[in-house]
Amino acid sequence: MNLPNIKEARKRTKNEVEHIYLEQEYDKNAFKNKKYFLRTYGCQMNVHDSEEIAARLESLGFESTDELEKANIIILNTCAIRENAHDKLYGFLGRCKHAKKLDDSIIIGICGCMAQEEGVVKELMKKHPYVDIVFGTHNIHELQDLILERNSKQNIRVYSCEGNVYENISYKRDSNIKAWVNIQYGCDKFCTYCIVPYTRGKQRSRKSKEIIKEVKDLVKDGYKEVTLLGQNVNAYGKDIEGELSFADLLQSVAETGIERVRFVTSHPWDFTDEMIDAIANNDNIMNYIHLPLQSGSDSILKKMGRRYTKNEYLELYNKIKGRVKDVAITTDIIVGFPNETEEDFLETLDVVNKCKFDGAFTFIYSPREGTPAATMEDSVDLKTKEDRLYKLNELINKYSLENNKKLEGKVVKVLVEGISEKDNNKVFGYTETMKLVNVTNAKEDIGNIIDVKIIEAKSFSLDGEKN
Ligand code: SAH
Ligand code: SF4
Ligand code: F3S
């Protein structure tokens, strides 16, 4: 098998971003009666990208299947954030190889953040010659062409430099109740441990008028909730002269009348008072904020390049708590950053004890090739890191349960999304503060916002009944 020249495949080199309105039509009969299997790893960006990928596959006539064995094309939308994200993919590739052995006409494709890692792609293509197509995070709009024009070799379309901002994209949305809306792509923050600025490119904001138009269309289509998506939403608009600030964008989105507005992720740096005002003053902007801490130690925060100190984080936290009624705040924390001392770790626990977060995603630091932190010496052994993670999780869960317990006996608003997986007699939905609730007596309320009385609180969910 000839290995493609990856340098050639990376054809885009220019750096200025254009906003392009896509008008593409494809032959719906090209793959009539053929099926696609799409698996998504990673964050909400990838989940939403998969909604675009699904729409593109369907524009060629493919239909969705949940059974790998029935698929004519298998697409794996990958994540590169930590080493275990890689491991998960390699585990699954074994099944794809087997499917391909049984039927050589199956197309196997890899996309997402791993596809942007040059070394990884080279090795992947060599070790997994049955992979037919690879496309990068800046090349999703070329998927149909890539499939139609592919040859018997391995076909790669990966731009090493960030792409344009495309408008008029079709999505096959997973839900008809709540929708993701991209407001920006990429990230300029370059936290020293993080691969995202390399896999997603520099920050490119969408134009506010396109975002607002998309939300208005979603309202017309009956959607109840939108989540504005970006790696660093508070930096929205800074890359376009004369564009709205994030606070102004939030205000404009709220004014569309959509019942619920959410956003992820906001970086503590640059979390403005105007943003807090917009959240506090609009009932339809949810009182829930995901505010990644990463570490409570000033020296680690500095090495991470996070641009705030422990005290600045706490000040911001307290300001938000003081101004946004009943706000819930969750966070992300990394333990075991290179040379994290016990004192550093205790500083993190101290912040957790002070903030009593509603929940947290916690991780052991994973070195990512090409990031500055990956070259830092690290004297901390894995066992110590695992112990720290365990201790941290115990504390996080304790506060999570404590916060949830405060809701017992109270009546909260829940947007009902569907039947509970665990119990078919119940439905599930989320509170304004983003807590999962399983509800009895509300089967006819899917798609509605209803009052629910909380009966029992657990660490990760609540049980309630329609009020
Ligand atoms: N843009 C968001 C986070 C995106 S990545 C922000 O800045 O807050 C999601 C989370 O993964 C991060 O908040 C961080 O906690 C974690 N993460 C990122 N890189 C990591 C690494 N190399 N090892 C372990 N966790 C990491
Ligand atoms: Fe990664 Fe930092 Fe950007 Fe978040 S802000 S995506 S952690 S570089
Ligand atoms: Fe993973 Fe890429 Fe998201 S690395 S976390 S899928 S931006």
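Every number in my numbering is 82 more than the matching position in the sequence shown, counting from 1. We put the CB at the ideal spot given by N, CA and C, even for glycine.
Cβ pair residue i, residue j closer than 7 Å
i	j	result
W351	Y395	no
V216	I238	yes
Y108	S141	yes
V263	V301	no
M516	Y399	no
L375	T413	yes
K487	A539	yes
Q198	T122	no
E325	I382	no
C195	C161	yes
E244	K284	yes
Y397	Y253	Strictly speaking, residue 397 in this sequence is Glu, with Tyr absent from that position. Going by C-beta atoms, E397 is not nearer than 7 Å to Y253.
V346	V297	no
S132	L120	yes
E100	N246	yes
I265	R288	yes
I157	G191	yes
N520	E547	no
E424	S379	no
K508	I531	no
E356	A329	yes
I478	A442	yes
F427	R470	yes
N159	K116	no
Residues of its chain near residue i, where Cβ-Cβ distance is below 8 Å and the 5 sequence neighbours each way are ignored
i	result
N258	D303, G304, Y305, G529
E484	K438
K179	H210, Y212
I277	A162, I163, C195, E199, R450, G452, T453
K96	In this predicted model, K96 has a pLDDT of only 48, less than 50, meaning its place in the structure is not dependable enough to derive any value.
L332	L310, V343, F345, M357, A360, I361, N364, I367
N250	Y103, L104, E105
K260	Y305, K306, E307, V308, T309, R342, L497, E499
Y512	V496, L497, E499, L518, V519
Own chain partners of residue i with C-beta closer than 6 Å, once the 5 adjacent residues on each side are dropped
i	result
Y248	I102, L104, H223
K566	The displayed coordinates of the chain run from 83 to 549. Any statement about residue 566 would go beyond what the structure contains.
I361	I367, V406
H372	V346, T347, T412
D527	V498
Assigned exposure category for residue i - 16 Cβ within 10 Å defines buried
i	result
K467	buried
E90	The pLDDT assigned to E90 is 42, lower than 50, so where the model puts this residue is not dependable, and the model offers no usable value.
G567	Beyond the ends of the chain as shown, which are 83 and 549, falls residue 567; an answer cannot be given.
E323	exposed
F542	exposed
D169	exposed
K93	Residue placement at K93 is poorly supported in this model, since its pLDDT is 46, which falls under 50; the coordinates still yield a value, given next. So K93 counts as exposed.
T457	exposed
E503	exposed
D299	exposed
Y241	buried
E514	buried
R344	buried
K392	buried
L175	buried
D463	exposed
R42	The chain is shown from 83 up to 549; residue 42 falls before or after that span and cannot be answered.
S461	exposed
Y318	buried
S146	exposed
N233	exposed
7 Å CB neighbourhood of residue i in its chain, flanking five on each side removed
i	result
M386	C273, T274, Y275, Q376, S377, F419
K436	L396
D256	E133
L171	Y123, L158, T160, M196
N549	V493, D533, V534, K535
Test: residue i CB closer than 7 Å to a CB of chain D
i	result
C243	The displayed structure is made up of one protein chain only, and chain D is not part of it.
* Say whether the region 446 to 464 touches the region 413 to 424, bearing in mind that this needs 3 or more beta-carbon pairs closer than 8 Å, one atom from each stretch. => Yes, since at least three Cβ pairs between the region 446 to 464 and the region 413 to 424 fall closer than 8 Å, the two stretches touch.
* Validate contact between the region 116 to 130 and the region 309 to 319 using beta carbons, cut 8 Å, 3 pairs -> Judged by Cβ distances under 8 Å, the region 116 to 130 makes contact with the region 309 to 319, as three or more pairs qualify.
* To do: Name all residues in chain order for which at least one heavy atom of ligand 2 lies closer than 6 Å to the residue's CB.
  => The filter returns C269, K271, F272, C273, C276, V278, P279, Q313, N314, H349, in chain order.
* To do: Decide if the region 491 to 506 is in contact with the region 524 to 542; the criterion is three or more beta carbon pairs, one per stretch, under 8 Å apart.
  => Enough Cβ pairs lie closer than 8 Å, so yes.
* **the region 225 to 241 touching the region 267 to 274, judged by at least three CB pairs closer than 8 Å** => In this structure the region 225 to 241 does not lie against the region 267 to 274, because fewer than three pairs of beta carbons, one per stretch, are closer than 8 Å.
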